[in-house]
Amino acid sequence: MTAPMPPVLAVEGLSVEFRTARGVVRAVDDLSFTIGEGETVAIVGESGSGKSTAAMAMLRLIADPPGRIVAGSIRLDGQELLTLDDASLRRVRGRQIAMIFQDPMMALNPIYTIERQIGEVLRLHLGVGRAEAFAQTVELLRLVGVPAPEDRARQYPHNLSGGMRQRVMIAMALACRPRLLIADEPTTALDVTVQAQVLELIQELKTRLGMAVLLITHDLGVVAETAHRVIVMYTGGKVEEATAGQLFADPRHPYTQGLLQAAKWEESDGVELREIPGTVPSPFAMPTGCSFAPRCAAVVPRCQTDRPALTEILPGRPVRCFVAQGAAR
Amino acid sequence: MNGLALFWRRYRRNRGAVAGAATLALVVVAALVGPLLYPVDPFDMVGRPSQPPFGRFPLGTDVAGRDVLAGILNGARISLVIGILASLAATLLGVLVGAIAGYYGGRIDDMLMRVTEFFLTIPSFVLAVVVVAIFQPTVMTVTCAIAIVSWPSVARLARGEFIAQRDREYVKGCRAIGMPDWEIILLQIMPNALPPVIVVSSLMVATAILTESGLSFLGLGDPNLVSWGYMIGVARTVLRTAWWMAAIPGAMILVTVLAINLVGEGLNDALNPKLRRR
Amino acid sequence: MRQASLLFLVRRLVQVVPVVLAIAAVNFFLLRMAPGDVADILAGQMGHATLEFTQQLRREFGLDQPVYMQFFYYIGKLLTLDLGRSHLQQAPVIDLILDRLPATVILMLTSILIAIAVGIVLGVAAARREGRLADTLVSVTALVVYATPAFWLGLMLIVLFSIQLDLLPSGGMYQIGAGRTGLAHALDVAKHLVLPSVTLGLFYVAIYTRLMRASMLEVYGLEFITTARAKGLSETTIAWTHALRNALLPVVTLAGVQFGHLLGGSILVETVFAWPGLGRLVFDALLQRDLNLLLGILFVSSVVVVFANLAVDLIYGLLDPRIVHK
Ligand SMILES: Nc1ncnc2c1ncn2[C@@H]1O[C@H](COP(=O)(O)OP(=O)(O)OP(=O)(O)O)[C@@H](O)[C@H]1O
Ligand SMILES: [Mg+2]
């Protein structure tokens, strides 16, 4: 066995809260995970489980107010990000960690040209001049497979199709060859045919540039094709983590099993979107025990009263479930 | 909880609006009972001209030895009466135009909106000046002139509301049972379209008061009545020696207009909770 | 691209024609509403004009003809920029107006530039400090200024800066009889311009500050701002580039609508400061009950506003690449 490589990103005990008029919402609760060099880690979970909030927290992009990172540590190559001053933080953003978002139409500034928006990153972080920035922008656009990059560079977001826009976003994210790419549902807003192309592109570039990737999605098909490891989130916390192979072959948490079951239904009849029965509890009325208990088919009395801890049932397989842990009594 | 209580609870949350309402209430009371409690004719020469405030007369006398306090109290009446009447007239006209344009759409809408846009481009104060000058300044003509230049913004707003409502289910239902158009417009859609209109027309009272003061400052006020703008115009000639004579009526305009604007914002918070400013 | 813009310009110019015709119609209507007939008014209604002159005008305007023919005559006159004569000044109305127009335009442009510049800076600053003391202060001040009658504010500024502090002239456009030329003259005019332009501009500073603030806050809620942050841009850069450019769009639209209003305010402020522009002309015309001059001013100022709106439309096209001039 070789010595474990130090992770690119190490998150520990991360908690994020939002102060709303109705009370405090804990959107991310005690989340820990790592991503190694060249690795793709996926976070899956239903809507509202805190995936985007966790992703935004990596770059401290949570708007304060209403949000605040209340606990935890985020280290990039060993450097703590949560205590960085603003100027140093800005040198990490866009340069060492880059991000792409769900809807490229919304994520691009409508009144600036593509060239201006990509060139801006190059000029800021690499200190290149105008002409050099343009040349590199064209190269980047070529890299992400935008045809006629010189012409495209001079156009505005509204001149491009959805798939092209997302390629532009990717080019922008890759401009400084970041150590980590965070992609928050990068294909959800795109046509089905384009989705596969964009995912393939991210995979290919990851290998070529040797980045780590944090992929956020609720599409398990995407996970199966791209991720090495998967983190399953529910109501802000991690409920299970496994390699992609293990997770699909042998899901342990009833929630994960439910997600996989729902995905299978969706695949087979295709039309109707099946979901896990029941609804996510309101953040203002969290059950005292396991937060999944009200929807869980395997529920036992203890689940209603105690909150299960995240424990490894096998080496490298933490699960937050009394039943799976064999601790039902 | 009944509607009024809910309204008040939402309104109360805006502290500025509460202060505005209190101030406005004071001005209204001053306009209503002021001239009765302080029965001095504002046109009477009561003493030596240009006396400073806090002497024999609470707010001093003007260039012609007329009592400034009497002018202020009577001026409050004119300002409020013209402000409210002009705003009401403009609202009626604007809602009428906007409702017809929005409800019927198509060619009628096109035509009415052309006219509305046109009135929005004409410099409104210049038009008001010309209208008042041609028809001679009276409370009536000043009110009409201000209404004529104010209705277009209401029309645009009302049109938007009617367009938003006209294809709703309940309107379709009314049409299906053969309800006449005027009934649908007046009794069905109007109550839903009214809240934003109320906000705009309350704010329009403030603009109308400002316009009225500008007109009477230029000498286009009713010559038989004392108004705040007229008092400022008169005081202008002695600015060098008696600046307070112009300062007092101007401050009254400022306070009144500010109070109305605050009330308007409070109404907005209370009536259109979804449209709240951030 | 360029050709499309040119086409757009031509199209917009053509659209101006019916608007100008409508302005003429309103003027004609008001003219007919005024006491006396058109010829009386055009000749100067106080009876200074000779009988023959009035008769001649009657023939010229075809007052024996039906109303619509009279309207065509009127339009014909307007097309040759013949707005009749002012009995008071014994001169063609159009000459009087063109004589005064530049002073008004200078005052309006200075005021609007001050208003836009200060309004943008304060609005952006307030939005960036939303909910904090500075924001509250700016917002409250804007609210108060918004409620202040401009002509009264002008008088109070005269009291403070001319009478008490003796810093700035209280009226006029330049020191009469000083015979300054060139730069010295320009400086003199600038000195005289300070108080009137600040007076006229402050109200619009309040408007633009409030608008800019609201618009910036709206833009701050959009996703591309998050993208800009994720890129590593500083808050200052984001505010003054990504956010500002987008936030300006609705504000520019409103500036067009405000132009007519600005002209009204300018009339009052010119009266206060004896600024020799259209506003003073209105005041003089009112004193002399010179209706024909008033109507001429209404016509010319309306046309000026129509063209100002056109200019704003073109500027908007430059700011927003999504506008395609089809
Ligand atoms: N600005 C905010 N103010 C208040 N609460 C928020 C805010 N943003 C997120 N939340 C809350 O945080 C929780 C997690 O939201 P988040 O957007 O991270 O979920 P998600 O897993 O990304 O969902 P989706 O799949 O829909 O994108 C939700 O309960 C949401 O209500
Ligand atoms: Mg999300």
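Chains as they are written, first to last, in the numbering used here: chain A, 216 to 544; chain B, -11 to 266; chain C, 2 to 327.
Even glycine gets a Cβ: it sits at the ideal position worked out from N, Cα and C.
Short of 8 Å in beta carbon distance, which residues of its chain neighbour B:THR129, apart from the five on each side in sequence? Order them along the chain.
Its chain contains VAL119, VAL120 and PHE123 as the residues whose beta carbon lies nearer than 8 Å to that of B:THR129, once the 5 sequence neighbours on both sides are disregarded; these appear in chain order.
Can you name, in chain order, every residue of its own chain whose Cβ lies under 7 Å from the Cβ of B:ALA116, other than the five neighbours on each side?
Excluding residues within five positions, the ones whose Cβ falls inside 7 Å are ALA133, ILE134, VAL137, THR199 and LEU203.
Give a yes or no on whether 9 Å exceeds the smallest Cβ distance from A:MET379 to chain C.
For A:MET379, the answer is no, since every Cβ of chain C falls outside 9 Å of its Cβ.
Cβ shell of B:ILE197 (< 8 Å), same chain only, five flanking positions each side left out
Same-chain partners within the cutoff: SER67, LEU68, ILE70, GLY71, ILE241, THR244, VAL245 and ILE248.
Report the three-state DSSP secondary structure of B:ALA58 (helix, strand or coil).
In the structure shown, B:ALA58 falls within a helical segment according to DSSP collapsed to helix, strand and coil.
Alpha helix (DSSP H) containing A:LEU429: first to last residue?
Per DSSP, A:LEU429 belongs to no alpha helix (DSSP H); it is in the beta strand (DSSP E), 427 to 431.
Where does C:SER1 land, buried or exposed, given buried means 16+ other C-beta within 10 angstroms?
Past the boundaries of the shown model lies residue 1 of chain C; chain C is included only from 2 to 327, so the question cannot be answered.
Any 3 or more C-beta pairs closer than 8 Å across the region 101 to 109 of chain C and the region 260 to 273 of chain C
Yes, the region 101 to 109 of chain C touches the region 260 to 273 of chain C.
Have a look at the DSSP bridge pairing and note the partners of A:ARG308.
In DSSP, A:ARG308 forms a bridge with A:ILE312.
For A:GLY282, which residues does DSSP report across the bridge?
Secondary-structure assignment with DSSP links A:GLY282 through a beta bridge to A:PHE233.
Burial state of C:GLY178 (16 or more Cβ within 10 Å):
It counts as exposed.
How would you list, in chain order, the residues of chain B whose beta-carbon sits under 7 Å from the beta-carbon of C:MET213?
Per Cβ cutoff of 7 Å: no residues; C:MET213 is ~14 Å from chain B at best.
Other residues of its chain near A:ALA322: CB distance less than 8 Å, five sequence neighbours each side excluded
Here A:ALA322 has ILE315, PHE316 and MET384 as same chain residues with Cβ atoms under 8 Å from its own Cβ, once five neighbours each way along the sequence are excluded.
Can you tell which of C:ALA25, C:ILE226, C:LEU156 and C:SER216 has its C-alpha closest to the C-alpha of C:ALA128?
Measuring from the Cα of C:ALA128, the nearest candidate turns out to be C:SER216.
With a threshold of 8 Å, establish whether the CB of A:GLN381 neighbours any heavy atom of ligand 3.
Among the ligands present in this structure, namely ligand 1 and ligand 2, ligand 3 is not found.
Kindly list the residues whose CB is nearer than 7 Å to the CB of B:ALA18, restricted to its own chain and excluding five residues on each side of it in sequence; keep chain order.
Cβ neighbours of B:ALA18 beyond the five flanking positions: LEU61 and ALA64.
Whole-angstrom distance between A:GLY260 and A:TYR449, CA atom to CA atom
Rounded to the nearest angstrom, the two C-alpha atoms are 6 Å apart.
Note down the Cα distance separating A:GLU400 from A:ALA270, rounded to an integer number of angstroms.
Using only the alpha carbons, I get a separation of about 11 Å.
Relative to the C-alpha of B:THR131, which candidate in B:GLU253, B:VAL16 and B:SER201 has its C-alpha closest?
Comparing Cα positions, the closest option is B:SER201.
Check whether the region 149 to 159 of chain B touches the region 169 to 180 of chain B, taking contact to mean three or more Cβ pairs, one atom from each stretch, closer than 8 Å.
Here the region 149 to 159 of chain B makes contact with the region 169 to 180 of chain B; the two share three or more CB pairs at distances below 8 Å.
Listed by chain order, chain A residues near C:PHE9 by CB distance under 7 Å:
At a C-beta separation below 7 Å, C:PHE9 has no neighbours in chain A, since its nearest C-beta there lies roughly 18 Å away.
Classify A:GLU254: buried if its beta carbon has 16 or more other beta carbons within 10 angstroms, exposed otherwise.
By the neighbour-count definition (other C-beta atoms within 10 Å, threshold 16), A:GLU254 is a buried residue.
Sub-9 Å separation of A:ALA346 and A:LEU337 beta-carbons
Annotated as distal: A:ALA346 and A:LEU337, with beta-carbon spacing of 9 Å or more.
If I measure Cβ to Cβ from C:THR81 and keep anything under 8 Å in the same chain, skipping five residues before and after, which residues do I get?
Within the same chain, C:THR81 has no close Cβ partners at all.
State yes or no: is the C-beta of A:LEU474 within less than 9 Å of the C-beta of A:VAL447?
The beta carbons of A:LEU474 and A:VAL447 sit closer together than 9 Å.
CA-to-CA distance, C:PRO277 to C:GLY183, given in whole angstroms:
Per the coordinates, the alpha-carbon of C:GLY183 lies some 20 Å from the alpha-carbon of C:PRO277.
Cβ closer than 7 Å: which chain C residues qualify as neighbours of B:ARG224?
Identification of chain C residues near B:ARG224 by a Cβ-Cβ cut-off of 7 Å yields LEU156, ordered along the chain.
Give the single residue among B:LEU25, B:PRO46 and B:ALA(-7) whose Cα lies nearest to the Cα of B:VAL34.
Among B:LEU25, B:PRO46 and B:ALA(-7), the Cα nearest to that of B:VAL34 is on B:PRO46.
Does the beta carbon of C:MET47 come closer than 9 Å to any beta carbon on chain B?
Any reading at C:MET47 must be qualified, since the residue scores a pLDDT of 48, below 50, and its modelled position is unreliable; the value itself is stated next. Contact with chain B is absent for C:MET47, since none of that chain's Cβ atoms lies less than 9 Å from the residue's Cβ.
Mind pulling the chain A residues with CB within less than 8 Å of C:GLU219?
C:GLU219 does not reach chain A, its nearest Cβ partner there being about 14 Å away, counting only Cβ pairs nearer than 8 Å.
Under the rule that 16 or more other beta-carbon atoms within 10 Å means buried, what is B:ASP210, buried or exposed?
B:ASP210 comes out buried.
Taking 9 Å as the CB-CB limit, is C:LEU255 close to chain A?
For C:LEU255, the answer is no, since every Cβ of chain A falls outside 9 Å of its Cβ.
Check A:SER267 in the structure and name its three-state DSSP category.
Reduced to three states, the DSSP call for A:SER267 is helix.
Interface positions of the region 267 to 291 of chain A facing chain C (Cβ-Cβ less than 7 Å), listed along the chain
LEU274 and LEU276: these are the residues of the region 267 to 291 of chain A whose beta carbon lies less than 7 Å from some beta carbon of chain C, given in chain order.
Cα-Cα separation between C:ARG214 and B:MET192, rounded to whole angstroms
Roughly 22 Å separates the two Cα atoms.
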